[in-house]
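Single-structure report; data block below.
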Amino acid sequence: MLKVNDINVYYGAIHAIKGVSFEVNDGEVVTLIGANGAGKSTILNTVSGLLRSRTGSVEFLGKNLGSVPAHKIVDMGIAHVPEGRRVFLQMTVEENLEMGAFTRPNSGVAGHLERVYEQFPRLKERRRQIAGTLSGGEQQMLAMGRGLMSDPKLLMLDEPSMGLAPILVEQIFDIIKELHKAGTTILLVEQNARMALSVADRGYVLETGKIVTSGAGADLLNDEAVKKAYLGG
Amino acid sequence: MVFFSYLIGGISLGSVYAIIALGYTMVYGIAKMLNFAHGDVIMVGGYICYCAMTYLNLPAIVSILLSMVVCTVLGVVIEGLAYRPLRQAGSLAVLITAIGVSYFLQNAAQLIWGVTPKIFTSAVSFPLPEGLTDLGISSEAIVTVASCVVIMIALTLFVNHTKMGKAMRACSEDKGAAQLMGINVNRTISMTFAIGSALAAIAGVLLCSTFPTLIPTTGSMPGIKAFTAAVFGGIGSIPGAFIGGLLLGVIEAMAQAYISTNLANAIVFAVLIVVLLVRPSGLLGKYVPEKV
Chain A
28 MLKVNDINVY
38 YGAIHAIKGV
48 SFEVNDGEVV
58 TLIGANGAGK
68 STILNTVSGL
78 LRSRTGSVEF
88 LGKNLGSVPA
98 HKIVDMGIAH
108 VPEGRRVFLQ
118 MTVEENLEMG
128 AFTRPNSGVA
138 GHLERVYEQF
148 PRLKERRRQI
158 AGTLSGGEQQ
168 MLAMGRGLMS
178 DPKLLMLDEP
188 SMGLAPILVE
198 QIFDIIKELH
208 KAGTTILLVE
218 QNARMALSVA
228 DRGYVLETGK
238 IVTSGAGADL
248 LNDEAVKKAY
258 LGG
Chain B
48 MVFFSYLIGG
58 ISLGSVYAII
68 ALGYTMVYGI
78 AKMLNFAHGD
88 VIMVGGYICY
98 CAMTYLNLPA
108 IVSILLSMVV
118 CTVLGVVIEG
128 LAYRPLRQAG
138 SLAVLITAIG
148 VSYFLQNAAQ
158 LIWGVTPKIF
168 TSAVSFPLPE
178 GLTDLGISSE
188 AIVTVASCVV
198 IMIALTLFVN
208 HTKMGKAMRA
218 CSEDKGAAQL
228 MGINVNRTIS
238 MTFAIGSALA
248 AIAGVLLCST
258 FPTLIPTTGS
268 MPGIKAFTAA
278 VFGGIGSIPG
288 AFIGGLLLGV
298 IEAMAQAYIS
308 TNLANAIVFA
318 VLIVVLLVRP
328 SGLLGKYVPE
338 KV
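Encoded structure:
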C-alpha cells in the first residue's frame, strides 16, 4: 500500500533521513521505533507532504506522492495524527472532528461522526467542550478520532503514547488493536518500543536516520540487540 | 444635548475604526502578519467609489459594490504577489514589505488621482426627520453604525458556523495540522484578505461620507487608529476589534470635545498604553489553557 523508497530528507544542511526504505501492506500494523531524534517523525512528515525528500520516492497505492501538496494527501486516503496531538485547542471537540472530514462531502460527515463517537464514547460526552480543556489522554483520542474522520486507507500515528499515564497508554494501544482488527492499515511511530512491537505485525528499528533492523514484531521483541537498546535489557 | 451629539459622533467614528480593525484582526489571526497596507486599501476604496459616482454617474449602491469588488481583487493580488512569497520568511521581512506596499499604494494613488483633494459626496445620505438631526444624528452616522453591527454579526456567524470559517480558525491555530486535515492554507489566507479588503472598501466609503476630503494619505491615520483598536480589544478577536473600535472612537471624540483637539490623538494612544500595561493581551485577548 505504502512504499517508501530510498528517501533522503534534509533540514538545511543536516542530513536527517539517510536512504530509508520500507513498506506497509494492506491491513498491516507497521511500527517504526527508535530513540529521540532518530528521524521517525521526519519520515511521517515526508509521507504527508509537510517535508520533501531530495531523492527516492514515496508511493501510495501506486501513485508517487512526490509532487502532491500536503493538503491533497488526506484526500488520497492517508490520515496523519501528528506528534504532540496538535488538536485545535480553541475549537470544540465536534468542530475538531469536523475538520478531520474537511475534504469529505458534507453528506458523509454525520455518519463518520457517529462511528468515531462509538469508538470513543468519551468524545461524545465532551462534544461541546473546547479541546483545550480536555486531558492529555482525551486530546490523544480526539487527535485519533479526527484522523479517522476522513475514513483513511492508511492511518499514521506519531507517538500516540507520549506524555500519557500508563493506564492511558494501555487504553490507546487497545484502541490501536481494535482498529487493526477492523482492518485499518496503520503506520505507528513510537518510543515505547515494547508496546509498539506487541501490537505490530512488522517493525523497523531506526537509528540516526537509518534503518538498522527490521522484522516481525514478535521477533524484534525477542531480538537481543533490540532488547538491549530499546526494551531495557 | 451637546454631549449626546459628541457621543453619536464618537460611536460613528468608532464604528468605522471597528470595520477596519476587523480586517486587521482577521488577517493577523490567520496569516499572523500585520498588514500595514490595510489602511491604504481604504483610501483606494474611497477613490473607486468617488470615480464611479462622479465620472461614471453610477448610483451610490452600485459604486459601493464596485469599490468592494476592486478592493477585494486588490487585497488578493497584494497577498499573492507581495506576501505569499514570504510565507517562510521572518516576520520582519513581511512587516517591511507591508510598509512598502502601503507607500506603493499611496504613491500610485497620487499618480492616478493627483494630490488635489477630491471632495467626496456622501454615498449614504438620505433625508432624516428634523427631530433626529437636532440631536446631532446624521444619516451617515446611522448607516455607519448599522453597517458595523451587521458586519460584526455576519462575520461572527461566518467564522463560527461555516466550513470555510472553521477552516480559518483551524489555520489560525496550527497551519501544519490544518494542512493535514486537507485544508488549503494558501487559499484560506487569500480568502481572509478578500474579506478584509471588502470590509476596507466599505470603511473607505463610510469614512469619506462623513469626512469628505479624499487624498492619497486618507487611509493612513484611520488605518493606524484601527490597528490600535484591534490591539486595544485583543488582536485576533472579532468582538475585541468591535469593542476596541467603538471605545477608541468615543474616547477620541470626547477628548476632542472636552480636552483638546490637538491632544486628542495623544490621549487615544495614552489610553492604549495604559490598557496594554494592565492587560497585555488587550481587553478581550484570549487566555488559552495549553496542555503539553
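Going down the list, the protein sequences come from chains A and B. End of the first sequence = 260 in this note's numbering, gap-free, step of one. End of the second sequence = 339 in this note's numbering, gap-free, step of one. Note that CB positions come from ideal geometry on N, CA and C, so glycine has one too. Predicted model, so just to flag it, every value in this text is computed and none were measured.
Could you give the uninterrupted runs of the alpha helix (DSSP H) lying entirely in the stretch 179–241 of chain A, keeping only those of 4 residues or more?
193–208, 220–226
How many angstroms separate the CA atom of residue 249/B from the CA atom of residue 316/B?
Sequence index remark: in the second sequence, residue 249/B carries index 202 (1-based). Sequence index remark: in the second sequence, residue 316/B carries index 269 (1-based). Straight-line Cα distance between these residues: approximately 25 Å.
According to DSSP, simplified to helix, strand and coil, what is residue 183/B?
Taking the first residue of the second sequence as 1, we reach residue 183/B at position 136. The answer is coil: DSSP assigns residue 183/B none of H, G, I, E or B.
Taking the beta carbon of residue 229/A as the centre, do at least 16 other beta carbons fall within 10 Å, making it buried, or is it exposed?
Here residue 229/A refers to the residue found at position 202 of the first sequence. It counts as buried.
Counting only the same chain and skipping the five closest in sequence on each side, list residues whose C-beta sits under 8 Å from that of residue 286/B.
Against the second sequence, residue 286/B aligns to sequence position 239. 199, 203, 280, 331, listed in sequence order.
In the DSSP assignment, what residue or residues form a beta bridge with residue 61/A?
As a working note, residue 61/A is residue 34 in the first sequence. The partner list for residue 61/A (beta bridge, DSSP) reads 233/A.
Selected residue, minimal CA-CA separation from residue 136/B, among 79/B, 101/B, 83/B
One-based indexing of the second sequence puts residue 136/B at position 89. Among 79/B, 101/B, 83/B, the Cα nearest to that of residue 136/B is on 79/B.
Nearest to residue 67/B (by Cα), restricted to the options 244/B, 93/B, 326/B
By one-based count along the second sequence, residue 67/B stands at place 20. It is 244/B whose Cα lies nearest to the Cα of residue 67/B.
At what residues does the alpha helix (DSSP H) containing residue 270/B begin and finish?
Position 223 of the second sequence, counted from the start, is the residue given in the question as residue 270/B. First-last of the alpha helix (DSSP H) with residue 270/B: 267–280.
Helix, strand or coil, according to DSSP, for residue 337/B in the structure here?
Residue numbering aside, residue 337/B sits at position 290 when the second sequence is read from its first letter. At residue 337/B, the pLDDT of 41 sits below 50, so the modelled position is not reliable; the number obtained from the coordinates is stated separately. Coil.
Return the chain-ordered list of same chain residues with a C-beta closer than 6 Å to the C-beta of residue 166/A, the five sequence neighbours on each side being excluded.
Locating residue 166/A in the first sequence gives position 139, where the first residue counts as 1. Correct list, in chain order: 112, 114.
Cα separation between residue 243/A and residue 171/A?
One-based indexing of the first sequence puts residue 243/A at position 216. One-based indexing of the first sequence puts residue 171/A at position 144. Cα to Cα, the separation comes out at about 25 Å.
Spatial neighbours of residue 186/A within its chain, please: C-beta separation below 7 Å, excluding the five flanking residues on both sides.
Taking the first sequence and counting its residues from 1, one reaches residue 186/A at position 159. Only 110, 216, 217, 218 meet the Cβ criterion.
To the nearest angstrom, how far is it from the Cα of residue 154/B to the Cα of residue 262/B?
Here residue 154/B refers to the residue found at position 107 of the second sequence. Here residue 262/B refers to the residue found at position 215 of the second sequence. Spanning the two alpha carbons is a distance of roughly 11 Å.
Taking residue 228/B as the reference, which of 101/B, 211/B, 201/B has the closest Cα?
By 1-based counting over the second sequence, the position of residue 228/B is 181. For the residues 101/B, 211/B, 201/B, the minimum Cα distance to residue 228/B belongs to 211/B.
With contact counted as at least three CB pairs below 8 Å, one residue from each stretch, are the stretch 234–241 of chain B and the stretch 109–127 of chain B in contact?
yes
8 Å is my cut-off, CB to CB: does residue 216/B come that close to chain A?
Position 169 of the second sequence, counted from the first residue, corresponds to residue 216/B. So, interface residue.
Establish whether the CB of residue 101/A and some CB of chain B are separated by less than 8 Å.
In the first sequence, the residue the question calls residue 101/A occupies position 74. Answer yes: the Cβ-Cβ gap between residue 101/A and chain B drops below 8 Å somewhere.
Enumerate in chain order the residues of its own chain whose CB-to-CB distance from residue 159/A is below 7 Å, with the five nearest sequence positions on each side excluded.
Residue mapping note: residue 159/A aligns to position 132 of the first sequence, counting from 1. If we look at residue 159/A and ignore the five residues flanking it on each side, its Cβ neighbours are 116, 117.
Just the Cα atoms here: how many angstroms apart are residue 174/A and residue 65/B?
The count along the first sequence starts at 1 and reaches residue 174/A at position 147. The count along the second sequence starts at 1 and reaches residue 65/B at position 18. Distance between the alpha carbons of residue 174/A and residue 65/B is about 38 Å.
When the Cβ atoms of the stretch 75–95 of chain B are set against those of the stretch 133–149 of chain B, are three or more pairs found closer than 8 Å?
yes
Going by the CB atoms, is the gap between residue 29/A and residue 181/A shorter than 8 Å?
Taking the first residue of the first sequence as position 1, residue 181/A is located at position 154. Taking the first residue of the first sequence as position 1, residue 29/A is located at position 2. Yes, they are a contact pair.
Is residue 186/A close to chain B, meaning its C-beta is less than 8 Å from at least one C-beta of that chain?
Locating residue 186/A in the first sequence gives position 159, where the first residue counts as 1. Output row for residue 186/A: interface = no.
What residue from 248/A, 238/A, 203/A, 251/A has the CA that sits closest to residue 56/A's CA?
As a working mapping, residue 56/A is identified with position 29 in the first sequence. Cα-wise, what sits closest to residue 56/A is 203/A.
Distance between residue 96/B and residue 415/B (C-alpha atoms, nearest Å):
Residue numbering for chain B in the displayed model covers 48 to 339; residue 415/B lies beyond these limits and cannot be assessed.
As assigned by DSSP and simplified to three states, the class of residue 257/B:
By 1-based counting over the second sequence, the position of residue 257/B is 210. In this structure, residue 257/B counts as helix in the three-state DSSP scheme.
Which of helix, strand or coil does DSSP assign to residue 82/A?
Position 55 of the first sequence, counted from the first residue, corresponds to residue 82/A. Note: residue 82/A maps to strand in three-state DSSP.
Contact belief for residue 276/B with residue 266/B at Cβ below 8 Å, rounded distance in angstroms
On the second sequence, position 229 is the one that residue 276/B refers to. On the second sequence, position 219 is the one that residue 266/B refers to. In fact, because the Cβ distance is near 15 Å, the residues do not count as touching under 8 Å.
Identify each residue in the stretch 103–137 of chain A for which the Cβ-Cβ distance to at least one residue of chain B is less than 7 Å, and report them in chain order.
107, 109, 113, 115, 116, 117, 118, 122, 125, 126, 127, 129, 130
By how many angstroms is the C-alpha of residue 197/B removed from the C-alpha of residue 298/B?
Within the second sequence, residue 298/B is the residue found at index 251, counting from 1. Within the second sequence, residue 197/B is the residue found at index 150, counting from 1. Distance between the alpha carbons of residue 298/B and residue 197/B: 23 Å.
Give the DSSP-derived three-state secondary structure of residue 164/A in the structure shown.
Position 137 of the first sequence holds residue 164/A. Residue state, collapsed to three classes: helix.
Does chain B have any CB closer than 8 Å to the CB of residue 192/A?
Against the first sequence, residue 192/A aligns to sequence position 165. Residue 192/A does not count as touching chain B.
Give me the DSSP bridge partner(s) of residue 38/A.
One-based indexing of the first sequence puts residue 38/A at position 11. Beta-bridge pairing links residue 38/A to 41/A.
Within 8 Å (strictly less), CB to CB, does residue 75/A reach chain B?
Within the first sequence, residue 75/A is the residue found at index 48, counting from 1. Taking Cβ atoms only, chain B reaches closer than 8 Å to residue 75/A, which makes this a yes.
Listed in chain order, which residues of the stretch 230–246 of chain B have Cβ atoms closer than 8 Å to some Cβ of chain A?
230, 231, 232
Assign residue 200/B to one of three DSSP states: helix, strand, or coil.
By one-based count along the second sequence, residue 200/B stands at place 153. Helix, per DSSP.
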